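Everything below concerns the one structure shown next.
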Amino acid sequence: MSESVAPLLLPFRREVQGVSTWRAELHDVLEEYKEGAAKFIGMPDTVLYCSLHDPVTPCPSGYNTNKTVSLWGNSGRMEMTPSKFMDIQRAIQPDWFQCISDGDTISGEVGRKRAKKSVDRSLSFLDVCLQLLEKSPELQGSVMFGAIEGGDILEERLRSARETAKRPVGGFLLDGFQGRAMAKETKLKLIAAVTAELPEDKPRIIHGIGKPDEVLECIERGVDIFESFFPFQVTERGCALVFSYDCHSGPEAAVLKQNGAQDLEENGAEENQDEISKADPEMTPFEIFLKDKRYQDDFGPLLEGCTCYCCQRHTRAYIHHLLMTKELLAGVLLMMHNFQHYFSFFNAIQDALRDNKLDQLKKLVFRQALQGPANMKPGQ
Ligand SMILES: [Zn+2]
1 MSESVAPLLL
11 PFRREVQGVS
21 TWRAELHDVL
31 EEYKEGAAKF
41 IGMPDTVLYC
51 SLHDPVTPCP
61 SGYNTNKTVS
71 LWGNSGRMEM
81 TPSKFMDIQR
91 AIQPDWFQCI
101 SDGDTISGEV
111 GRKRAKKSVD
121 RSLSFLDVCL
131 QLLEKSPELQ
141 GSVMFGAIEG
151 GDILEERLRS
161 ARETAKRPVG
171 GFLLDGFQGR
181 AMAKETKLKL
191 IAAVTAELPE
201 DKPRIIHGIG
211 KPDEVLECIE
221 RGVDIFESFF
231 PFQVTERGCA
241 LVFSYDCHSG
251 PEAAVLKQNG
261 AQDLEENGAE
271 ENQDEISKAD
281 PEMTPFEIFL
291 KDKRYQDDFG
301 PLLEGCTCYC
311 CQRHTRAYIH
321 HLLMTKELLA
331 GVLLMMHNFQ
341 HYFSFFNAIQ
351 DALRDNKLDQ
361 LKKLVFRQAL
371 QGPANMKPGQ
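If you read the sequence shown in UniProt numbering, its first letter stands for residue 1, the second for the next number, and so on.
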């Protein structure tokens, strides 16, 4: 098992909550410990959410059956039955967890038959797990999310949503929207159709959506909770988030905005094309690549105006140096900044929802989404 613990964050309607994910593998140790994963990792006050798969690692396709779902970890494939799955939840004692489900429909072109099977299997797993949940004293404080499956087949998605909503679940997971196999338009249409079938008073979480522009599109379509794998991925590729999300026009906001926009523009400056080409191809227009040699003499913070530990104490030049010498501290400091920036983005979403300014925020973020390294022009 990867013991990686990635905090989740969420615009849960109008409240922000910090959440951590714990993957469903390391369970022997926890079983002996008996007090659950949150206390074990020294974070007893965070909301702990347990997903079935690691959101940043694609799962091999074709291994699920009517009785089991395959999980993949450091030690290879693990076949999981609903009862084994619930044993693990009893050891982890998460605040929230997704029910085991057959979400093996994300490779595209899976067809109606496979989509139907994913819904049928997931509902039958859900029924078994709901019964086991009722009989588990350790899980009386835990909330189980039912998974909505059905690939890209609208009627299966609707059936999955309606049937899951009939059951006593605490919330809903919109599964199978990870990756790029499904066209974005199809994805957004299905998400809107599914959330329209779900009760308003239970939270909806989605897996695999983390880019700021995509997050906003999902929020508009009724999604409440997102994973925070995105700042982790940004950190892993040696980048820092510098996008602006402040659509209130305070003086501090203007500085942040100017600073971020300037850096994003510089991403596309011609003299740096060689360096930029060495950056991860997954890099988004919301971040800057700190390995770029232009930062070796840059003694400013990662982001002007940022109050994080890294920006208050260290320079871009220092982070560049740490990255070039492969010091582990580079990732630690970048993660601090990227988490704080991303979490603050979600605070801004909360504010925008409250003040009816989501459109403005969307415009601001989408403008930056278009200004990618490839098509950015100075002065834009
Ligand atoms: Zn910072």
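We put the beta carbon where it would ideally sit given N, CA and C, even for glycine. Predicted model, so just to flag it, every value in this text is computed and none were measured.
**Asked** Helix, strand or coil: how does DSSP classify V255 here?
**Response** Here residue 255 refers to the residue found at position 255 of the sequence shown. Caution is warranted here: a pLDDT of 45 is assigned to V255, below 50, making its placement in the model unreliable, and no coordinate value can be reported.
**Item:** Any 3 or more C-beta pairs closer than 8 Å across the stretch 93 to 105 and the stretch 113 to 125
**Value:** yes
**Request:** Sort V169, V194 and M80 by Cα distance to residue 410 and report the nearest one.
**Result:** Beyond the ends of the chain as shown, which are 1 and 380, falls residue 410; an answer cannot be given.
**Message:** Quick check: does the Cβ of C311 come within less than 8 Å of any heavy atom belonging to ligand 1?
**Reply:** Taking the first residue of the sequence shown as 1, we reach residue 311 at position 311. It does: the Cβ of C311 is within 8 Å (strictly closer) of some heavy atom of ligand 1.
**Request:** Flag this pair as touching only if the stretch 316 to 332 and the stretch 184 to 198 have three or more C-beta atom pairs under 8 Å; answer yes or no.
**Result:** The stretch 316 to 332 is not in contact with the stretch 184 to 198.
**Asked** Does the count of Cβ pairs from the stretch 198 to 210 and the stretch 220 to 237 closer than 8 Å reach three?
**Response** yes
**Message:** For the beta strand (DSSP E) containing F172, name the first residue and the last one.
**Reply:** For the purposes of this step, residue 172 is taken as the residue at position 172 of the sequence shown. G171 to L174 is the extent of the beta strand (DSSP E) around F172.
**Which listed residue (D213, N74, R162 and L71) has its alpha carbon closest to that of P199** = Translated into positions along the sequence shown, residue 199 becomes position 199. The option with the nearest alpha carbon to P199 is R162.
**Message:** Would you call the stretch 132 to 144 in contact with the stretch 85 to 92, where contact means no fewer than 3 C-beta pairs closer than 8 Å?
**Reply:** yes
**Prompt:** Going by DSSP, what residues sit across from I225 in a beta bridge?
**Reply:** As a first step, residue 225 is located in the sequence shown; it is residue number 225 there, counting from the start. According to DSSP, which records beta bridges pairwise, I225 is partnered with I205.
**Residues near K202 by beta carbon distance below 6 Å, same chain, minus five either side** = Residue numbering aside, residue 202 sits at position 202 when the sequence shown is read from its first letter. These residues qualify, in order along the chain: G171.
**Request:** Look up R77 in the DSSP assignment and give the residues it is bridged to.
**Result:** As a working mapping, residue 77 is identified with position 77 in the sequence shown. Paired residues: W72.
**Message:** So, does the stretch 276 to 286 touch the stretch 230 to 245, judging by three or more C-beta pairs under 8 Å?
**Reply:** yes
**Request:** Using three-state DSSP, classify I349 as helix, strand or coil.
**Result:** Counting from 1 along the sequence shown, the entry for residue 349 is found at position 349. I349: helix per DSSP, three-state reduction.
**Asked** Which residues in the same chain as H341 place their Cβ atom closer than 6 Å to its Cβ, once the five residues preceding and following it in sequence are excluded?
**Response** In the sequence shown, the residue the question calls residue 341 occupies position 341. These residues qualify, in order along the chain: L241.
**Message:** If I follow the unbroken alpha helix (DSSP H) through Q368, where does it start and stop?
**Reply:** For the purposes of this step, residue 368 is taken as residue 368 along the sequence shown, with counting starting at 1. Start and end: L358 to L370.
**Request:** Work out the CA separation of S83 and V5 for me, nearest whole Å.
**Result:** Sequence index remark: in the sequence shown, residue 5 carries index 5 (1-based). Sequence index remark: in the sequence shown, residue 83 carries index 83 (1-based). Note that V5 scores a pLDDT of 32, beneath 50, so its modelled location is shaky; the value from the coordinates is reported in the next line. The alpha-carbon atoms of V5 and S83 are separated by roughly 24 Å.
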